[in-house]
Every structure is written in C-alpha cells, then in structure tokens.
Amino acid sequence: PKLHRWLGAPFVKIGVIGVVAAVPFLMVMKMGDMGSALVWIPVSIVALIIGGIPFRYLTCMSFIGAGIIPLLYFVALPLVSERGPERIDTWLRMMRGQEVDIRGTAYSPYYVSMAVGKAGWKGVGYKATEGSGSLLAKGFGSKTTAHNDYIFGVIAEELGFRGSLLLLTAFALLLIQGLFIAFYSRDVAGRLLACLVVALFFAHIFESIGMCVLIMPVTGIPLPLISYSGTFVVICMFLLGLVQSVWVHRNWKRDVQVKQAEA
C-alpha cells in the first residue's frame, strides 16, 4: 500500500511521464526534425490529464511552459534546426500580411495556401493538369513534398471544399471512435493508451492540414494514413491495432467469468 501511494503521487507521475516523453523528444530533436519532436508535447499533456494530475499542478506547469517558450525559440531551436526559426518568422509575417519572399522560404506555403483557397466547392478536378487551372500542376508549390507533407493541399485543390470536408469528417469519426473506445476501456491503462493514440493522430492531422491553410508554420509532418510514406503508415496501423485491442478486451473479466462458469 505504501508503494502504491508513493507511485500514485503527482510528482512521481509527472516525473515518469516526463522521462518517457523526453527520450523520444530529445532523440528526434537531435536528428534536426523539430516538427516531429513537438508532437510529443500534446501527447504528454494528454498523458498528464488522463493520469489524474491535479489541476493546480497542470496550471503551474502551464505557466512554466509559457515562460520557457522564448528560451526554446531563441536558444534551443536555432541549435537543432537551421530552418526552424526562419519558417516560424515567415509564417508570422504571412499571418500579419507583411511582405515575404515567395521565391524563397515562403514559396511552398504561399502557393499551396493559394491553391487551397482558389479550389472552390468542386475543385479543379482529380489529377488536374495545367489546362484545368491547377497551380500545383503548373509547377507552383513544392513538387518534392506534394505527395507527403503537402498532400492535403493537393486534395483540397483537386477535390475542393467538399473533398476536404469529407476527409476531415473521416478523421473526426476516427478520433471520436478512439475516444469512445477509451471511455469504455476496462482499466486506466487501456484508457490512457487510446487517448494517447488519439492525441498523436490529432497533432499530426492539425499540423499537417494547418500548414496548408497558414494557421500553423511549416514543419513537414505527414498526414496519417494519407501521406505517401512507409514506416509512418506501418506505425499508424500498429497504433490503431492497439486501440482495437483495447476495445476487444473491454469485457475481459466478464468473459473469463463466463468461461469459468461454463467449465
């Protein structure tokens, strides 16, 4: 009992979650991929909330996190990413309507957001060509990342608002289903697992779509189950399999009791 009380202490939970999240965060950040590393921040926040950390602790951690943001931006970010500060500065200038270099750092976000904005309700058509008015087909935007980082820009331009809305609805149903499974989980571990997978997917979806419509800076995060990638697709399917396992075993105790009664 004493060990259980000690492990259930808020500081112990915060320490365990911090260490578990810091290891992949620092490893990915050392590789220079700050965008993928930042995904672990919302995942850690969800872990703290589901882990039962009191609200006063979360409030203090929020103020501490807000206080170290300038330190991370001006000191840590330039050390791990050469283009990170430049991308954020370009995004802020575009949000304020200031002049940017559309032939330099603002080239891809400028033309991709323009392609999304001019697509209208129906879009320019599936596999659109230059003759149908596709900006991306004409060579504007990044051709090298159109199939992974900017895949939503291609979908929005070709299929228009209705295609984008259909994709967003599918993602929303997937995330809601994950939360539904978490709610009916038989234990805290299953609930935590399902919620963390939902948080990870939501972070990727929000950032990948957000950078195509200029509500987030460019980070190069793939769109789950849509972007062309190898390992990331496998990981996504693996995570969805874990969530499915939580649902399958939600009535594990009842099934065991039924089998024992039948025996």
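Be aware that the sequence shown starts at 4, since it is given in my numbering, and climbs by one per residue. The beta-carbon is built from N, C-alpha and C at its ideal position, and this holds for glycine as well. Being a predicted model, the structure only gives us computed values, none of them experimental.
| Asked | Found |
| --- | --- |
| How many angstroms separate the CA atom of T222 from the CA atom of I72? | 17 Å |
| Rounded to whole angstroms, what's the CA-CA distance from G68 to L41? Just pull it up for me. | 13 Å |
| For M64, which residues from the same chain have a beta carbon less than 8 Å from its beta carbon, with the 5 sequence-adjacent residues on both sides left out? | I17 and L51 |
| In three-state DSSP terms, what is D92? | helix |
| Would you mind giving the Cβ-Cβ distance between S39 and V31, rounded to the nearest angstrom? I have them listed as a contact below 8 Å. | 5 Å |
| If I'm right that K206 touches P27 with Cβ under 8 Å, what's the distance once you round it to whole angstroms? | According to the sequence displayed, residue 206 carries Ala and not Lys. Incorrect: roughly 13 Å between the Cβ atoms, too far for contact. |
| Unbroken alpha helix (DSSP H) runs of length 4 or more, entirely within the region 154 to 218: which are they? | 154 to 186 and 191 to 213 |
| In this structure, how does DSSP classify T234 when only helix, strand and coil are distinguished? | helix |
| Taking I158 and L170 to be in contact with their CB atoms under 8 Å, please state how far apart those CB atoms are, rounded to whole angstroms. | 6 Å |
| To the nearest angstrom, how far is the alpha carbon of L61 from that of S137? | 47 Å |
| Over the uninterrupted alpha helix (DSSP H) stretch that includes P220, give me the two end residues. | Counting along the chain, P220 falls outside any alpha helix (DSSP H), and DSSP gives it neither H nor E. |
| Taking 7 Å as the cut-off, is the C-beta of G18 nearer than that to any heavy atom in the ligand ADP? | As presented, the structure is devoid of all ligands, the ligand ADP included, so that no description of it is given. |
| Specify whether the region 107 to 120 and the region 213 to 222 touch according to this definition: at least 3 beta carbon pairs, one from each stretch, less than 8 Å apart. | yes |
| Measuring straight from C-alpha to C-alpha, what distance separates F14 and M37? | 27 Å |
| Reducing DSSP to helix, strand and coil, say where P57 ends up. | coil |
| Give me the Cα-Cα distance between I56 and R99, rounded to the nearest whole angstrom. | 38 Å |
| Rounded to the nearest angstrom, how far is the Cβ of L245 from that of L196, given a contact under 8 Å? | 6 Å |
| From P88, A109, G87 and R86, pick the residue whose C-alpha is nearest to that of M97; which is it? | A109 |
| For I184 versus W250, is the C-beta spacing smaller than 8 Å? | yes |
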